[in-house]
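Take a look at the structure below.
In this note's numbering, the protein residues as written are 3 to 238.
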């Protein structure tokens with residue numbers, strides 16, 4: 003893969019965050035209200051004290067908001083919109099596949115063979131039902147290859163996982179038959195560059211700087227709003 007293509011992947015990833023992830027993340031944070039939280043009254047005072055050293059409404063609000071804004075909310079948005087980035091990747095790294103169940107096809111930078119890739123977001127993102135679906139897609143591809151006399155080998159059919167290091171047991175079941183490339187390994191097969199995975203991850207953070215977004219101010223405002231609700235309610 004050329005340096006220009008690698009640059010294009012990074013730029014498309016940044017655009018994905020700029021247009022899909024960041025706006026949804028901020029929107030979901032701004033619309034949060036106290037009744038959006040499933041508050042455990044036996045834990046909230048402990049968590050507030052553990053985090054801030056006291057159990058004031060502001061500390062309780064922080065204990066509610068921080069996990070939401072730094073974890074659940076953005077993870078959900080990332081997973082729901084990931085197909086946008088996968089489609090962009092397909093255009094740059096190879097081309098979208100017309101074969102049912104295959105996200106895109108590309109020439110492997112390490113062995114030079116065409117790969118038929120089912121692309122997944124992360125190392126925990128498939129369940130037991132997905133195993134048969136994935137294997138079924140590959141089985142049909144094998145049948146098509148025989149009919150069309152395609153030069154297909156078993157390790158030409160892969161599952162590519164965008165990020166992560168250790169795959170789940172469900173992925174390991176697939177890996178007994180077909181390669182499952184995860185995180186660094188996946189991006190190395192696409193680009194030929196083992197460091198590319200980390201460059202891409204860093205680029206996503208650069209978008210915040212480029213857009214001049216101060217997330218701390220947004221979080222502070224929402225924390226104060228939730229603290230006010232807690233005060234008006236008379237506590238939790």
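Glycine included, each C-beta is placed from N, C-alpha and C at the ideal position. Remember, predicted model here, so these are calculated numbers, not experimental data.
query	result
Could you name each continuous alpha helix (DSSP H) segment of 4 residues or more that falls completely within the stretch 21–101, going from the start of the chain to the end?	24–32, 46–54, 59–69, 75–95
Between which two residues does the beta strand (DSSP E) carrying residue 162 extend?	159–163
Measure the C-alpha to C-alpha separation of residue 229 and residue 36 and round it to an integer number of angstroms.	9 angstroms
Whose C-beta lies closer than 7 angstroms to the C-beta of residue 136 among residues of the same chain, with five residues either side of it excluded?	120, 161, 176
Which one or two residues does DSSP pair with residue 107 in a beta bridge?	97, 118
With residue 173 as the anchor, note down where its beta strand (DSSP E) starts and where it stops.	Where residue 173 is concerned, there is no enclosing beta strand (DSSP E), although the alpha helix (DSSP H) it sits in stretches over 171–177.
Could you tell me whether the Cβ atoms of residue 87 and residue 96 are closer together than 7 angstroms?	no
Spatial neighbours of residue 202 within its chain, please: C-beta separation below 8 angstroms, excluding the five flanking residues on both sides.	11, 12, 15, 189
Going by beta-carbon coordinates alone, are residue 127 and residue 3 separated by less than 7 angstroms?	no
What are the partner residues of residue 182, as DSSP defines its beta bridges?	161
Using only alpha-carbon positions, find the residue among 5, 62, 81, 195 that is nearest to residue 41.	62
Exposed or buried, what is residue 9 when buried is set at 16 or more other beta-carbons lying within 10 Å of its beta-carbon?	exposed
Say the cut is 6 angstroms; is the CB of residue 230 nearer than that to a heavy atom of the ligand NAD?	Of the ligands one can find in the structure shown there are none, so the ligand NAD has no counterpart to examine.
What is the C-beta distance between residue 79 and residue 125, in whole angstroms, given that I count them as a contact (C-beta under 8 angstroms)?	Not quite, the Cβ-Cβ distance comes to about 18 angstroms (not below 8 angstroms), so this is no contact.
Got a sec? Which residues, its chain only, sit under 7 angstroms from residue 224 by beta carbon, not counting five neighbours each side?	31, 32, 34, 67
Report the rounded CA-to-CA distance for residue 109 versus residue 101, giving the unit in angstroms.	16 angstroms
Report the rounded CA-to-CA distance for residue 93 versus residue 181, giving the unit in angstroms.	22 angstroms
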